[in-house]
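Here is the structure we will look at.
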Amino acid sequence: MRVWAIFFITLVFFIAATRASAQEGAYSTRYDFNFYFDQNTDVLDVALDITLSNLRSDVYITEYTLRLPKHIDFKNLRVSDDFGKIPYVTSQLKNAKQITFKFGEPETGRSINTLKLQYSLDNMRVMQGSIQEAILPLIDVSEQGTVNVSLHLPKGFDQAVSISKPIPTNISYGVITWEDVKEKAILVLFGESQVYEVQLRYSLQNNGIVPKKQTIALPPETLYQKNYVQTLQPQPDRTFTDDDGNFLAEYTLLPRSSKDITYKGYVEVFVKPQSTLRDVMRRMFETQEDFLLTEHKLWSLGTMLAQVPSKDLRSAYGIYSYILEKLEYAPSRLRQKSQRFGAERALIEPQNAVCTEYSDLFIALAREKGIPAREIEGYAYSVNDQLRPLSLAKDLLHAWPEYYDRQQEIWRQVDPTWEDTSGINYFSGFDVNHIALAIHGKDPKMPLPAGFYKTEDRKDVTVKITDDKPTSQVNLDMRTSIREILTSGQSYTDTVTVTNNSNTYIHSIQIVPQASNIVFDPPSLSVSFLAPYETKTYPFTYRTTDQFEPTDTISFTYAGSVLGTETVGIIKQQSRDALIIGGSFVGIIVLLLLYFKMRSMHA
């Protein structure tokens, strides 16, 4: 059941001879939308021309009614027909605003009546940071209706379209057009990425009598977002990534103590997946696949499995469409502390869903059909929380699912909650308004996202759009376990320990060891994924050549810069053997001397 940001239309027919109805093909309708936005405001001005064509000579239309969802901020309405202005009456229904007009002099017989509406919409356009976004709410058309849309851009506007749902029919200078639109709303995005300044606070507490380790979840790196750490105070004992790819920081709390932690940084959200991460995420998925298909209590259909029409749910899109038809968004639950239902209860109470129910049901159905899926909990930037609501606790977090596209080998984000409330297609394309704070694939609840580490009632998640463009500052620290003395012609296995002191993740880099008389196998060390402040140890094998030099220097380089050096001594194999034999001989002589001395003492 959808709560669309759309118009509902009622036509009243007066019949001259025989009774007719809209279902009998008495008329056809064309809706021509023209949206205009100004470079300096967030207001969309709209001109809507409605052309009603009578298809029967015994029918004419005298009355026209629009029903608008109550959360559409509809202003400065002016209505006219071919003969001038038309008066209208507004009324407030439970879930809609209703506006009724009467045609002054309706055309009779096989004729055409036109209706012209002009109005303004607030909060349908966002122009902050490096992104401009417009939501164009349309009409819920019947089979007789055709919708055409034109978006008129301000003079001198030079940003390219990065996302359009649906795809435009034509883009010419200053005008984007869509013909025969079937969607309930259009989303247009200009720009490639959006940067957010993020501040997160965490409160940890240990009420026990022994020290305790606790972890917090920091913003993870995903295909669609890149993180820049500014500060993390106090410094953790360590950071690491879990099996889902979450960025975790670990702290030790003394008995009966508490700790307040503040994270500051930037998150850049991209329209398109980061190409440098696709192979990394594909390899990570290979280690995750089993648990991404596992059933959990919140991701189980339970007794409701038999009621699910399985033949229609063979694809991610089929599952997504089923959820939109089945669930009804319940904003009243946002005003109360409500329990997370899980997938089974979501089907039992479909009229009481919020974002977690949409996500849990999608994941349960996807896994049931063998489609790997997981939940993302995070922050969703919204200037209109009626169209695109948030629903996780007081820090206004949001939840949405991802599924793994095996054919393209890529994670795809979807948001059935926001499509249900806005009418925007959130399956075939996404936006830059979603910031991931925690990934839930292995466990439906853990780790907790920022905003859930509270010891008092306060706001812990602060996010704002910024024009600042952060930069990566790569700083790697390295140490090795290479022994000091090597033997020529011998093979060894040792380790290199790398610590990422950078402000960003390090992924898909090669550390190259080099020396004059030492051969390394493989010739480089691959560091696939390393979170800020994270330390990992990598084994490597090397062999000294038969060419003898008493010393050699091993240097480790990354991107042409030297990370560290180790100087080792090398002895010849013959010298080594001689040392062993000589040492053994000396040892035997010493033992014999001790033996004879002991005998003489007891004689």
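Taken in order, the sequence shown gives residues -22 to -1, 1 to 581; the numbers are from mature numbering (1 follows the signal peptide of the UniProt record, and there is no 0).
From the three backbone atoms N, C-alpha and C, an ideal C-beta is built for every residue, glycine too.
- Under the 10 Å beta carbon count, SER140 is surrounded by 16 or more other beta carbons and is classified as buried.
- Here VAL540 has SER533 as same chain residues with Cβ atoms under 6 Å from its own Cβ, once five neighbours each way along the sequence are excluded.
- In the structure shown, GLN76 falls within a strand segment according to DSSP collapsed to helix, strand and coil.
- The region 384 to 398 and the region 427 to 435 do not touch, with fewer than three beta-carbon pairs separated by less than 8 Å.
- Contact between LYS447 and VAL173 holds: their C-beta atoms lie close to 6 Å from each other, under 8 Å.
- For ALA284, no beta strand (DSSP E) encloses it, and the DSSP letter there is neither H nor E.
- Taking C-beta atoms under 8 Å as the contact rule, GLY356 and ASP338 fail to qualify, at a distance of about 16 Å.
- Apart from sequence neighbours up to five positions away, the residues of its chain that approach GLU157 with a beta-carbon distance below 7 Å are ASN126 and THR147, ordered along the chain.
- ILE187 has its alpha-carbon roughly 56 Å from the corresponding atom of LYS289.
- In this structure the region 408 to 422 touches the region 204 to 222; the number of beta carbon pairs closer than 8 Å is three or more.
- Your pair VAL546 and ASP530 checks out as a contact, with CB atoms roughly 6 Å apart and the cut at 8 Å.
- Non-local beta-carbon contacts of ASN411 in its own chain, meaning distances under 7 Å to residues more than five positions away in sequence, involve ALA358, TYR359 and SER360 in chain order.
- Distance from THR465 to THR522 at the Cβ level is roughly 7 Å; contact confirmed, criterion being Cβ atoms closer than 8 Å.
- For TYR229, the pairing in a beta bridge is given by DSSP as GLN192.
- For ASP268, the three-state secondary structure derived from DSSP is coil.
- Within the DSSP secondary-structure output, LEU30 pairs in a beta bridge with THR7 and ASN91.
- Ranked by Cα distance from LEU167, the first of HIS130, ARG216, ARG103 and LYS190 is ARG103.
- Secondary structure note for TYR295: its alpha helix (DSSP H) is the uninterrupted segment 294 to 304.
- Taken atom to atom, the span from the alpha-carbon of THR513 to that of PHE135 is near 47 Å.
- The shortest C-alpha to C-alpha distance from ASN481 to any of LYS242, ALA112, ILE443 and THR78 is the one to LYS242.
- For MET424, the three-state secondary structure derived from DSSP is coil.
- If you draw a straight line from the Cα of GLY429 to the Cα of VAL439, it comes to about 6 Å.
- Distance from the CA of LYS204 to the CA of SER171, rounded to the nearest whole angstrom, comes to 10 Å.
- Secondary structure of PHE218 (DSSP, three-state): strand.
- Distance from the CA atom of GLY542 to the CA atom of THR19, rounded to whole angstroms, is 54 Å.
- When the five nearest sequence neighbours on each side are left out, the beta carbons in the same chain lying within less than 7 Å of the beta carbon of PRO198 are those of GLY223, ASN224, PHE225, ALA414 and ILE417, in order along the chain.
- The region 316 to 336 makes contact with the region 299 to 307; the number of CB pairs closer than 8 Å reaches 3 or more.
- Counted as a single uninterrupted DSSP element, the beta strand (DSSP E) harbouring SER128 occupies residues 123 to 130.
- Excluding its 5 nearest sequence neighbours in each direction, VAL57 has C-beta neighbours in its own chain below 6 Å: ILE64, TYR66, PHE79 and LEU95, listed in chain order.
- Here DSSP, grouped into helix, strand and coil, assigns MET102 to coil.
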